[in-house]
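Chemist:
There are 2 protein chains.
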Amino acid sequence: MTRDSYQDASVLVTGGMGFIGSNLVRALVRLGARVTVVDAQVPGCGAHPANLDGVRDCIRLSTADIQDTDRMGELIPGQQIIFNLAGEISHIRSMTDPLRDLAINCAAQLQFLNRCRLSNPSATIVYASSRQVYGRPKYLPVDENHPVNPVDFNGVHKHATEQYHFLLRQQFHMRTICLRLGNIYGPRQAIHQDCRGFLDAFILAALQRKQIEVFGDGKQLRGLIYVDDAVEAFLKAGLAGSSAAPVYNVGATAPHPLLEIAQTLCRIADCPPPRLAPFPPERLSIDIGGFHANSEKFRREFSWFPRVGLEEGLRRTIDYFRSRMKTSSGSASGGKQERRNETL
Amino acid sequence: MTRDSYQDASVLVTGGMGFIGSNLVRALVRLGARVTVVDAQVPGCGAHPANLDGVRDCIRLSTADIQDTDRMGELIPGQQIIFNLAGEISHIRSMTDPLRDLAINCAAQLQFLNRCRLSNPSATIVYASSRQVYGRPKYLPVDENHPVNPVDFNGVHKHATEQYHFLLRQQFHMRTICLRLGNIYGPRQAIHQDCRGFLDAFILAALQRKQIEVFGDGKQLRGLIYVDDAVEAFLKAGLAGSSAAPVYNVGATAPHPLLEIAQTLCRIADCPPPRLAPFPPERLSIDIGGFHANSEKFRREFSWFPRVGLEEGLRRTIDYFRSRMKTSSGSASGGKQERRNETL
Chain A
1 MTRDSYQDAS VLVTGGMGFI GSNLVRALVR LGARVTVVDA QVPGCGAHPA NLDGVRDCIR
61 LSTADIQDTD RMGELIPGQQ IIFNLAGEIS HIRSMTDPLR DLAINCAAQL QFLNRCRLSN
121 PSATIVYASS RQVYGRPKYL PVDENHPVNP VDFNGVHKHA TEQYHFLLRQ QFHMRTICLR
181 LGNIYGPRQA IHQDCRGFLD AFILAALQRK QIEVFGDGKQ LRGLIYVDDA VEAFLKAGLA
241 GSSAAPVYNV GATAPHPLLE IAQTLCRIAD CPPPRLAPFP PERLSIDIGG FHANSEKFRR
301 EFSWFPRVGL EEGLRRTIDY FRSRMKTSSG SASGGKQERR NETL
Chain B
345 MTRDSYQDAS VLVTGGMGFI GSNLVRALVR LGARVTVVDA QVPGCGAHPA NLDGVRDCIR
405 LSTADIQDTD RMGELIPGQQ IIFNLAGEIS HIRSMTDPLR DLAINCAAQL QFLNRCRLSN
465 PSATIVYASS RQVYGRPKYL PVDENHPVNP VDFNGVHKHA TEQYHFLLRQ QFHMRTICLR
525 LGNIYGPRQA IHQDCRGFLD AFILAALQRK QIEVFGDGKQ LRGLIYVDDA VEAFLKAGLA
585 GSSAAPVYNV GATAPHPLLE IAQTLCRIAD CPPPRLAPFP PERLSIDIGG FHANSEKFRR
645 EFSWFPRVGL EEGLRRTIDY FRSRMKTSSG SASGGKQERR NETL
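Heads up: the sequence lines are chains A and B, in that order.
Position 64 of the first sequence, counted from 1, bears residue number 64 in my numbering, the numbering being contiguous throughout.
Positions in the second sequence are counted from 1; adding 344 to them yields my numbering.
(1) In its own chain, which residues sit with a C-beta less than 7 Å from the C-beta of glutamate 576 of chain B, not counting the 5 before and 5 after it?
(2) According to the neighbour-count rule (16 or more other Cβ atoms, all chains shown, within 10 Å of its Cβ), is leucine 579 of chain B buried or exposed?
(3) Whole angstroms is fine: what's the gap from glutamine 41 of chain A's alpha carbon to glutamine 67 of chain A's?
(4) Pull up the CB-CB distance for asparagine 428 of chain B and threonine 358 of chain B, whole angstroms please, since I reckon it's below 8 Å.
(5) Looking only at its own chain, which residues have a Cβ that is under 7 Å from the Cβ of glycine 238 of chain A, when we skip the five neighbours before and after it?
(6) Let's see if you can read the secondary structure: which residues bound the beta strand (DSSP E) around glutamate 557 of chain B?
(7) Among the residues of its own chain, which have a CB less than 8 Å from the CB of glutamate 296 of chain A, if the five just before and after it don't count?
(8) Buried or exposed, going by whether 16 or more other CB atoms sit within 10 Å of the CB of serine 122 of chain A?
(9) Is the CB of leucine 168 of chain A under 8 Å away from at least one CB in chain B?
(10) Exposed or buried, aspartate 614 of chain B, counting other C-beta atoms within 10 Å across all chains shown (16 or more means buried)?
(11) Out of B/Val500, B/His503, B/Pro599, B/Arg415, state which residue places its alpha-carbon closest to the alpha-carbon of histidine 636 of chain B.
(12) Does the structure place the region 137–151 of chain A close enough to the region 107–123 of chain A that three or more beta carbon pairs sit under 8 Å?
(13) Ignore the nearest five residues each way along the sequence and tell me which others in cysteine 402 of chain B's own chain have a CB closer than 8 Å to its CB.
(14) Between the Cα of arginine 651 of chain B and the Cα atoms of B/Leu548, B/Gly595, B/Ile605, which residue gives the shortest distance?
(15) Which residues in chain A sit within 9 Å of alanine 504 of chain B, going by Cβ to Cβ distance?
(16) Within 8 Å of any Cβ in chain B, is that where the Cβ of phenylalanine 112 of chain A sits?
(17) Can you name, in chain order, every residue of its own chain whose Cβ lies under 6 Å from the Cβ of glutamate 686 of chain B, other than the five neighbours on each side?
(18) When you compare the CB positions of serine 94 of chain A and aspartate 53 of chain A, do they come within less than 8 Å of one another, or not?
(19) Taking 8 Å as the CB-CB limit, is serine 285 of chain A close to chain B?
(20) Whole angstroms is fine: what's the gap from glutamate 604 of chain B's alpha carbon to histidine 536 of chain B's?
(21) Give a yes or no on whether the minimum CB-CB distance between valine 142 of chain A and chain B is below 8 Å.
(22) According to DSSP, cysteine 522 of chain B sits in a beta bridge with which residue or residues?
(23) Between B/Glu645, B/Gly390, B/Gly633, B/Arg347, which lies nearest to valine 558 of chain B when the distance is taken from Cα to Cα?
(24) Check arginine 275 of chain A in the structure and name its three-state DSSP category.
(25) Grouping DSSP H, G and I as helix and E and B as strand, with all else coil, what is alanine 50 of chain A?
(26) I'd like to confirm the pairing. Which residues does DSSP put opposite arginine 196 of chain A in its beta bridges?
(27) Classify phenylalanine 665 of chain B as buried or exposed, calling it buried when 16 or more other Cβ atoms lie within 10 Å of its own Cβ.
(28) Please decide whether proline 442 of chain B counts as near chain A, where near means a Cβ-Cβ distance under 8 Å.
(29) So with Cβ pairs under 8 Å, would you call proline 481 of chain B a contact of chain A?
(30) Let me check one thing: in DSSP terms, what residues is leucine 565 of chain B bridge-paired to?
(31) Between the region 160–171 of chain A and the region 216–229 of chain A, do at least 3 Cβ pairs fall closer than 8 Å?
(32) If you run the structure through DSSP and keep just helix, strand and coil, what is valine 492 of chain B?
(33) Which one of A/Gln79, A/Cys116, A/Ala64 has the shortest CA to CA distance from valine 11 of chain A?
(34) Going by DSSP, what residue range makes up the alpha helix (DSSP H) through leucine 579 of chain B?
(35) Mind listing the chain A neighbours of valine 492 of chain B? Cutoff is C-beta to C-beta under 8 Å, in chain order.
(36) According to the neighbour-count rule (16 or more other Cβ atoms, all chains shown, within 10 Å of its Cβ), is phenylalanine 642 of chain B buried or exposed?
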């Protein structure tokens with residue numbers, strides 16, 4: 001059982017100060033794991049020190065870069081499970097600066113994984129990949145056999161790093177699993193960073209009681225996963241047996257149209273009704289249209305299913321950020337924007 | 345018609361001092377094209393100055409690296425067709441030094457292609473990819489819909505760079521075509537470099553009248569293409585219309601077992617019969633077993649078919665290298681090995 005297995009387990013989380021990473025770290029601490037967090041806080045990758053508030057004393061924290069093989073050589077040995085979530089997350093930025101995306105998502109990962117192979121070949125490695133590797137779907141829902149055809153450099157590089165993980169399996173008999181995640185949302189998501197995704201923009205607007213802009217006709221389907229459900233998927237994948245597949249979709253059971261997601265948010269956050277707007281060109285070119293993943297394989301093999309519905313998840317998310325804003329308003333100094341950046 | 349279309353056409357060949365690149369350059373010169381060659385002679389990538397003997401005065405030659413965006417900014421504008429053959433070719437070396445492979449096959453290509461997009465978005469770009477992207481075949485013959493599942497870092501990176509070319513099409517409306525090449529052989533192949541492939545090793549042994557070692561049971565099928573036929577495929581792809589697909593297999597019609605290839609070589613070169621030998625571990629791990637590509641799509645759409653059969657092609661290859669060795673033996677100075685390295 002999950003809870004028992006993580007008690008006293010040695011676990012490394014790369015990107016552990018980011019959105020999903022920090023939520024995973026918090027869960028691991030609750031389960032009694034011995035957690036090491038590595039996060040170089042590369043600007044724009046979603047890391048925020050406040051994401052580890054309340055658990056910092058329970059973990060070992062390194063701000064080294066994962067490509068620093070000397071430092072990694074100290075941290076990797078002895079870890080039973082490595083949750084590998086470090087990475088550049090912005091699709092938009094990968095189009096304006098593909099070399100940066102290559103450096104973070106491929107070159108750094110290549111060095112990190114090589115160090116894992118040399119220092120700790122018996123660890124299980126779970127990689128946070130993305131449904132973006134599929135590109136525009138040829139059929140729905142998209143299963144793991146769907147062709148890979150990414151529409152941006154971020155997708156190309158995430159897929160290359162999936163393949164690095166496959167090579168560790170094929171060539172070096174290591175246990176690696178890639179999770180192709182759908183849209184994850186919830187507390188600690190990086191709503192304030194540049195080049196944010198649509199969900200970040202929706203939630204930020206709702207919190208500011210501004211009108212949410214939905215690009216296109218609003219009918220595009222997206223399967224949303226509340227972060228606690230995504231964390232549960234990582235925890236289960238970390239305990240995978242040797243028969244596990246190299247890659248799994250982890251997406252929602254039922255997709256929602258974007259307009260419905262925006263309307264639900266408005267109802268919860270009490271902001272003006274959303275409006276449809278034309279796509280900005282730089283977003284249209286990498287938009288994949290409606291998307292809905294088939295996650296049957298992961299659900300069946302790992303007895304995983306999302307527990308938190310859309311309305312409940314969005315409510316928890318808004319409540320989380322509102323409570324952070326209140327805490328922030330009560331503090332003594334600092335401009336509004338700075339305070340928000342510091343605490344959200 | 346091919347011959348007319350290349351008369352006075354401005355053409356850039358990256359990796360034009362390498363095996364396939366130099367044969368392509370020589371053909372382009374014969375067709376009256378204005379040829380610019382870029383080749384930084386990165387060690388191990390197959391470049392050799394002697395490959396351009398006899399045509400050097402007919403071309404513009406740059407030894408800049410393709411990632412040198414300033415220099416490329418001078419060479420790329422005005423080119424009608426860009427044959428993009430620069431790259432690291434060794435599968436074996438990609439496993440021992442994957443970062444080098446990433447730097448050459450992805451980072452340098454990313455910068456080069458970005459410069460093409462900015463300086464010359466109307467050029468047609470033809471990329472030399474590899475059947476290695478498919479990995480171990482799930483069915484034979486392998487068509488373009490076969491899943492991509494490379495077994496080495498070279499295959500991962502070649503595939504990522506294919507996808508860079510796809511993105512130029514999808515996002516920037518450029519004309520790019522990727523050719524997934526089978527095993528090419530013929531004059532100027534890099535038989536002397538380290539980490540050579542099986543065909544290089546076979547031919548080198550035959551030339552030295554040593555016994556050829558065939559790893560495994562010798563029954564593995566390979567579709568071999570004589571380099572002139574591969575050059576013809578590039579020439580046709582360079583004139584592709586807007587309806588061309590993003591990727592094509594370019595392989596042989598009829599595959600041959602490795603042992604038969606070795607036996608044919610021995611007959612031609614008059615060397616001892618080949619012997620079967622166990623795979624060295626580093627080669628076994630990245631061996632893809634029997635492989636045979638379905639190139640129907642390219643043959644149909646481009647009216648291309650290989651003209652040079654195995655026996656004829658191997659005979660021409662042996663004759664070429666023997667004649668180079670004779671020339672070399674007639675020279676006045678230098679050790680045998682140095683002379684051979686210089687002239688082959």
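Just so you know, even glycine gets a beta-carbon here, dropped at the ideal spot from N, CA and C.
Modeler: A quick look at the data gives this:
(1) Trp648
(2) So leucine 579 of chain B counts as buried.
(3) 13 Å
(4) 5 Å
(5) Ile81, Phe83, Thr124, Val126
(6) 557–559
(7) Asp143
(8) exposed
(9) For leucine 168 of chain A, the answer is no, since every Cβ of chain B falls outside 8 Å of its Cβ.
(10) exposed
(11) B/Pro599
(12) Verdict: no, contact absent.
(13) Only residues of its own chain outside the window of five on either side were considered, and among them Val373, Val379 have a CB closer than 8 Å to the CB of cysteine 402 of chain B, listed in chain order.
(14) B/Gly595
(15) Leu102, Cys106, Val156, His157, His159, Ala160, Gln163
(16) no
(17) Annotation note: pLDDT 31 at glutamate 686 of chain B (below 50); position unreliable, no value reported.
(18) For serine 94 of chain A and aspartate 53 of chain A, no; Cβs fall outside 8 Å.
(19) yes
(20) About 23 Å.
(21) no
(22) B/Tyr471, B/Val591
(23) Of the listed residues, the one whose Cα sits closest to valine 558 of chain B is B/Gly633.
(24) If DSSP states are grouped into helix, strand and coil, arginine 275 of chain A belongs with the strands.
(25) helix
(26) DSSP output for arginine 196 of chain A lists no bridge partner at all.
(27) buried
(28) yes
(29) It does not: the Cβ of proline 481 of chain B has no partner Cβ on chain A nearer than 8 Å.
(30) B/Pro601
(31) no
(32) coil
(33) A/Gln79
(34) It spans 571–582 - the alpha helix (DSSP H) in which leucine 579 of chain B sits, taken as one unbroken run.
(35) Val148
(36) A residue is called buried when at least 16 other Cβ atoms come within 10 angstroms of its Cβ; phenylalanine 642 of chain B meets this threshold and is buried.
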